[in-house]
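K.L.:
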Amino acid sequence: MELHVRACSARNLLDKQTFGKQDPYCKLALRSKSFKTRVHDNGHKTPVWNEVFVFSVVDPQLDQLVVEVKDKNFTSSTLIGECRLPVS
Numbered sequence: 001m002e003l004h005v006r007a008c009s010a011r012n013l014l015d016k017q018t019f020g021k022q023d024p025y026c027k028l029a030l031r032s033k034s035f036k037t038r039v040h041d042n043g044h045k046t047p048v049w050n051e052v053f054v055f056s057v058v059d060p061q062l063d064q065l066v067v068e069v070k071d072k073n074f075t076s077s078t079l080i081g082e083c084r085l086p087v088s
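For reference, each letter of the sequence shown is one residue, going 1 to 88 in full-length UniProt numbering.
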């Protein structure tokens, strides 16, 4: 079974950036497969991605989609927020 996920946008993100505006991106993971959206430069608290990803679901009763929103920095990324969603 396939799971199609659209990473649309975010609203009212926590501001984790000390100076300037944050550059958010979204990371989606299901089991060992993960995808990242493009970085929305200066997206700050309201980034827009509008990207679709396709995952293979092995066990709908146990699988969880992990969604993380991160701020891309020069040397690393800072976690802004995350959630886990059941596939079933």
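Glycine is no exception: its CB is placed at the ideal position from the N, C-alpha and C atoms.
Nothing here was measured: the structure is a model prediction, and the numbers come from that model.
How far does the beta strand (DSSP E) with Ala-29 in it reach, from first residue to last?
P.N.:
Within the sequence shown, the letter at position 29 stands for residue 29. 24 to 30 is the span of the beta strand (DSSP E), which, as asked, contains Ala-29.
K.L.:
Counting only runs of 3+ residues fully inside the segment 9 to 78, write out the beta strand (DSSP E) ranges in chain order.
P.N.:
24 to 30, 33 to 36, 48 to 56, 64 to 72
K.L.:
Please name the residue, chosen from Val-52, Glu-51, Pro-24, Lys-36, that lies closest to Thr-78 on a Cα-to-Cα basis.
P.N.:
As a first step, residue 78 must be located in the sequence shown, where it is residue number 78. The candidate whose alpha carbon is nearest that of Thr-78 is Pro-24.
K.L.:
When you compare the segment 38 to 45 with the segment 7 to 15, are there three or more beta-carbon pairs, one atom per stretch, that lie closer than 8 Å?
P.N.:
yes
K.L.:
Of the residues Val-58, Lys-21, Trp-49, which one's Cα is nearest the Cα of Lys-33?
P.N.:
Counting from 1 along the sequence shown, the entry for residue 33 is found at position 33. Cα-wise, what sits closest to Lys-33 is Val-58.
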